[in-house]
Amino acid sequence: MLVHSRPGTWATWALFFLLFLPLFALPLLVIVAASFATNWSGAFPSGFTGGHYQAATSGDSLTALATSLVTAVTASVLALVVGGWAALAAASLKKTGRRFMDALFVLPVAVPSVVVGLAVLVAFSKPPMLLNGTRWIVIVAHTILVTAFAYQSVAAAVVRLDPAYEQAAASLGARPAYVLWKVKLPLLLPSLNAAAGLCFALSMGELSATMMLYPPDWMPLPVQIYATTDRGSLFTGSAIAVVLMAATLLVLLAVSRIRTKASYR
Numbered sequence: 001m002l003v004h005s006r007p008g009t010w011a012t013w014a015l016f017f018l019l020f021l022p023l024f025a026l027p028l029l030v031i032v033a034a035s036f037a038t039n040w041s042g043a044f045p046s047g048f049t050g051g052h053y054q055a056a057t058s059g060d061s062l063t064a065l066a067t068s069l070v071t072a073v074t075a076s077v078l079a080l081v082v083g084g085w086a087a088l089a090a091a092s093l094k095k096t097g098r099r100f101m102d103a104l105f106v107l108p109v110a111v112p113s114v115v116v117g118l119a120v121l122v123a124f125s126k127p128p129m130l131l132n133g134t135r136w137i138v139i140v141a142h143t144i145l146v147t148a149f150a151y152q153s154v155a156a157a158v159v160r161l162d163p164a165y166e167q168a169a170a171s172l173g174a175r176p177a178y179v180l181w182k183v184k185l186p187l188l189l190p191s192l193n194a195a196a197g198l199c200f201a202l203s204m205g206e207l208s209a210t211m212m213l214y215p216p217d218w219m220p221l222p223v224q225i226y227a228t229t230d231r232g233s234l235f236t237g238s239a240i241a242v243v244l245m246a247a248t249l250l251v252l253l254a255v256s257r258i259r260t261k262a263s264y265r
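This is how it looks when you write it as structure tokens:
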């Protein structure tokens with residue numbers, strides 16, 4: 001806290017809770033409450049049942065959860081490879097080249113994701129790259145959308161790297177590939193882990209582009225939530241949303257532990 005007086009500290013905390021609870025925490029708590037509710041009376045759900053979670057953790061919902069996990073993990077790995085490689089390559093370019101690379105990778109997040117979905121649909125609906133109707137068109141769209149965050153995270157970390165480590169390894173006769181694998185990448189591991197967590201979370205919640213692309217046999221969980229609530233099953237949709245939040249948080253906690261260990265290496 002930058003506020004040193006006790007009244008100022010209490011006022012800051014009060015302002016924080018007044019802003020945080022209504023804007024961020026309360027909507028999520030309402031979703032959790034609705035997942036256990038039997039009816040909606042007034043502004044909040046009421047009643048109690050755990051039956052909604054039976055539908056949220058079986059059948060089509062369980063398949064959709066597995067689809068989301070596979071899509072998010074695959075897209076995150078591809079984004080780290082492409083975005084990390086591009087960030088390392090951009091660091092060796094001149095200022096104009098770096099600006100071009102920055103603009104290229106930021107472009108997909110500078111436009112609505114539904115535009116990216118339409119672009120992917122048009123680009124991959126005819127040979128020789130016919131992906132329409134397959135799971136891969138969804139994975140490609142997610143990869144395009146999240147690669148920008150991997151690129152920006154790694155690019156910022158590369159700028160902060162102390163060149164003395166690379167110079168010391170090179171002076172001892174290490175080849176560039178060895179320096180990259182044994183020096184640069186271990187130093188970048190915390191940033192790579194942070195980027196992986198962000199990419200995974202964004203992919204798990206992506207809906208707009210996915211709605212335009214997903215085939216019937218590859219429906220991610222956000223689409224399942226939308227379809228369930230659109231049919232009027234609000235409480236079941238809330239339970240599925242809680243499952244989505246829980247699965248995402250568990251993976252993010254695992255990534256956070258890896259990042260913490262990497263920071264102390």
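FYI, the numbering for the sequence shown is 1 to 265, going by UniProt numbering.
Beta carbons: idealized from backbone N, C-alpha and C, even for Gly.
Beta-carbon spacing of V146, S68 below 8 Å: Against a cut-off of 8 Å, the Cβ pair of S68 and V146 comes out as no contact.
Reduced DSSP secondary structure (H/G/I, E/B, other) of A247: The three-state reading of DSSP puts A247 in helix, counting H, G and I together.
Test item: CB-CB of V120 and L202 under 8 Å: no
Candidates A164, G205, L18, of which the one nearest L187 by Cα: A164
M101 versus V159: straight-line alpha-carbon distance, rounded: M101 and V159 have their C-alpha atoms roughly 15 Å apart.
Among F20, A103, G84, the one whose alpha carbon lies nearest that of L185: G84
Stretch pair the segment 150-159 + the segment 85-104: three plus CB contacts closer than 8 Å: yes
Where residue 266 falls, given that 16 or more other Cβ within 10 Å makes a residue buried: Outside the displayed range of the chain (1 to 265) lies residue 266, so it cannot be described from this structure.
DSSP beta-bridge partners of N39: S46
Limits of the unbroken alpha helix (DSSP H) element including A91: 59-91
Closest Cα partner of A195 within the set S256, G51, S233, V243: S256
Own chain, CB closer than 7 Å to R98, minus 5 neighbours either side, in chain order: A90
Residue of F17, T57, P45 minimising C-alpha distance to V242: Nearest to V242 by C-alpha distance, out of F17, T57, P45, is T57.
Alpha carbon of I258 to alpha carbon of C199, nearest angstrom: 15 Å
Per-residue burial, T96 [other beta carbons within 10 Å of its own, 16 or more giving buried]: exposed
Beta carbon of L131 nearer than 8 Å to that of V140: yes
Distance CB(P112)-CB(S208) smaller than 8 Å: yes
Distance between beta carbons of G205 and L252, contact taken as under 8 Å: Not a contact, Cβ separation roughly 12 Å.
Whether T210 touches V138 by CB criterion (8 Å): yes
Cα-Cα separation between P128 and A227, rounded to whole angstroms: 33 Å
Host alpha helix (DSSP H) of L185 (start-end): 185-205
Alpha carbon of L62 to alpha carbon of L221, nearest angstrom: 9 Å
Neighbourhood of G47 by C-beta, 6 Å cutoff - its chain only, sequence neighbours within 5 removed: Taken in chain order, the residues that qualify are A37, T38, N39.
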